Amino acid sequence: TIASTARTQSMSAAELEDLDRRHLIHPHQRAAQHERHVMVRGEGCHVWDAHGTRYLDMTGAANWLAQVGHGRPELAEAAARQTSELEYFTSFDVYSNDKSILLAARIADLAPEGLDRVFLTNGGSEGVDTAIKAARLFHSRRGEPDRTWIISRRFGYHGVTYGAGSASGFDHLQFGAGPFLPNFEKVTPPLPYHREMYGGEDPTDFLLRELEETLARIGPDKVAAMIGEPVMGGAGVVPPPDDYWPRVRELLGRHGILLIADEVVTAFGRTGAWFDSARRGMAPDMIVMAKGLTSGYAPLGAVLMRTDIGDGITEDQGFAHGFTYFGHAASCAIALANLDLIEKEGLVDRARQVGEWLRDGLASAAELPHVGEIRVVGAMVGIELVVSRDTREPLFAGAGAATAELRDVHQVITRDYGNTIVLAPPLVLDRDDAARATRAITEVLARLDGDGGL
Ligand code: PMP
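Heads up, this note's numbering is the position in the sequence shown plus 1, with the first residue counted as 1.
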């Protein structure tokens with residue numbers, strides 16, 4: 002191990018890139034795409050690649066996390082301390098470890114009233130699978146085993162395992178890999194900018210009518226749960242109309258259907274709240290979380306659920322579910338230290354401040370001919386590109402081209418999701434870096450043409 006570590010450290014960027022191409026399978030990358038950017042170091046809002054080039058990370062490690070910034074010694078120390086005390090001990094059956102207990106209690110403490118049972122996972126997809134299984138089991142143990150259907154939204158993203166992939170609203174996740182699971186149904190998402198989807202009707206009225214019709218078609222007593230992101234992330238940072246979640250909540254409640262909030266992206270400050278669902282009138286029965294729980298310093302996710310759901314699924318045979326790394330002591334110790342930092346540094350409030358800096362910095366970009374709409378929710382921004390502001394036709398090529406130019410010419414990392422450029426920077430971003438990023442974005446988008454060229 003020592004020899005191979007030493008070898009890696011002395012390797013040139015070109016050698017690393019070559020090994021990468023030969024051995025590492027990258028999610029969502031075509032074999033023909035040879036470009037690589039190998040990151041080797043991070044500090045605050047910056048990361049360095051193997052060539053020594055420094056980038057401003059406007060994406061939270063290109064994956065909506067890094068809340069507390071990169072390279073925090075506090076979290077390295079928490080990991081070192083815990084792994085030298087007790088790296089891991091199973092939580093199956095009667096066993097447990099102190100850090101997983103403390104973390105579950107801490108999550109319950111931060112959570113909305115009534116949600117206080119926690120199941121731990123390694124990330125978001127496992128959390129979504131867990132929540133779906135818990136919802137079905139809860140109904141089944143209460144004498145309704147036919148409540149198996151899961152409702153979700155097109156363009157919702159919930160992960161890629163078979164359960165989470167079946168709930169996700171992107172068909173391409175399964176192309177050529179056999180069918181999704183049965184008994185999953187999709188409804189239209191709230192994307193108010195694309196109001197043509199709602200045929201002139203008020204978006205919430207349209208969506209509620211469609212949901213009601215969907216429930217009637219399946220049979221409302223066959224539906225276990227609906228899952229949704231409070232603010233859609235992968236769909237391009239899209240907050241719903243204010244009355245959407247309260248009305249969905251009320252409708253589902255009338256039929257005994259559970260509501261699962263997928264807060265993998267939104268929880269722990271990203272949107273300017275500990276939990277985004279709490280202030281959107283969503284009142285979920287379960288919350289799935291991951292990313293910000295550790296700021297990405299260790300893989301960890303959690304499902305927080307209502308007391309009676311937690312009690313219900315553990316009756317009789319218990320919850321026949323659990324991953325080896327459930328409650329991994331080092332991951333939980335890192336999560337606890339991370340939550341301390343978020344609290345101590347006021348990062349939940351700071352997310353809103355970061356969002357204001359970004360909104361102000363992008364004010365002139367919002368007027369550009371191929372920028373359709375800029376949506377800011379806490380420290381999360383979606384810049385939707387269009388062929389023309391009149392037709393609102395998506396300009397798909399533009400987001401990829403702009404993202405590449407921002408990275409390669411300005412050393413600013415953003416991410417493209419369809420025709421939207423997404424920002425989700427570390428919450429410790431300062432005013433100067435926010436200004437630098439928004440200047441670069443405005444400069445690049447000003448040169449964009451109607452074919453997405455630069
Ligand atoms: N839900 C949401 C809302 C997500 O954004 C993601 C990942 N980006 C997931 C679930 C899946 O999480 P993971 O990749 O950790 O499995």
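Even for Gly, the Cβ is constructed at its ideal location relative to N, Cα and C. Treat the numbers as computed from the prediction; the structure is a model and nothing was measured.
Residues sharing a beta bridge with residue i, DSSP
i: K187; result: S153
i: F120; result: V304
i: D1; result: Residue 1 cannot be examined here, being either before or after the span of the chain that is shown, 2 to 455.
i: A262; result: G229 and I288
i: P395; result: V387
i: V48; result: G43 and Y56
i: T91; result: Beta-bridge pairing links T91 to no other residue.
i: V224; result: W150
i: L424; result: V382
i: H71; result: G45
i: V249; result: DSSP lists no partner for V249.
Candidates the options: closest to residue i by CA position
i: Y158; options: W150, T149 and G170; result: G170
i: I261; options: R280, F269, A226 and D243; result: A226
i: G115; options: S92, D286 and L369; result: D286
i: V445; options: G419, Y418, F320 and P370; result: P370
i: R142; options: A321, L208 and G419; result: A321
i: P242; options: G270, G282 and L216; result: G282
i: L449; options: S389, R437, D433 and A425; result: S389
i: R73; options: V266, G270 and L342; result: L342
i: G297; options: I288, L337, W246 and L455; result: L337
i: G128; options: I335, R118 and M290; result: M290
i: Y326; options: L252, S97 and D244; result: S97
i: K223; options: E145, Q34, G125 and L407; result: E145
i: G220; options: P247, G200, N184 and P204; result: N184
i: L192; options: H24, W275, E214 and G235; result: G235
i: A403; options: G451, E357 and V429; result: G451
i: L340; options: R248, I108, W150 and D203; result: I108
i: A284; options: T267, V249 and A441; result: V249
i: L359; options: R408, R437 and A136; result: R437
Coarse secondary structure for residue i, derived from DSSP in three states
i: T131; result: helix
i: P113; result: coil
i: L455; result: coil
i: I3; result: Any reading at I3 must be qualified, since the residue scores a pLDDT of 48, below 50, and its modelled position is unreliable; no value is offered.
i: E406; result: helix
i: G362; result: helix
i: H24; result: helix
i: T205; result: helix
i: R376; result: strand
i: V161; result: coil
i: H140; result: helix
i: R448; result: coil
i: V239; result: strand
i: Q34; result: coil
i: E78; result: helix
i: D19; result: helix
i: W275; result: coil
i: T439; result: helix
i: E145; result: coil
i: D431; result: coil
i: Y326; result: coil
i: H195; result: helix
i: G200; result: coil
i: D244; result: coil
i: D341; result: helix
i: D172; result: helix
i: T295; result: coil
i: Q318; result: coil
i: G401; result: helix
i: G282; result: coil
Proximity of residue i and residue j at Cβ, strictly below 7 Å
i: V48; j: Y56; result: yes
i: D130; j: T162; result: yes
i: L396; j: M59; result: no
i: T84; j: G237; result: no
i: V188; j: L212; result: yes
i: R353; j: G323; result: no
i: D433; j: C46; result: no
i: A81; j: H52; result: no
i: I228; j: D277; result: no
i: K475; j: A299; result: Because the chain is modelled from 2 through 455, residue 475 falls outside the range shown and cannot be assessed.
i: R42; j: D21; result: no
i: A105; j: V95; result: no
i: D117; j: T315; result: no
i: K345; j: L66; result: no
i: A303; j: A79; result: no
i: Y385; j: G401; result: A small correction: the amino acid at residue 385 is Glu; Tyr does not occupy that position in the sequence shown. Not a contact, by the Cβ cut-off of 7 Å.
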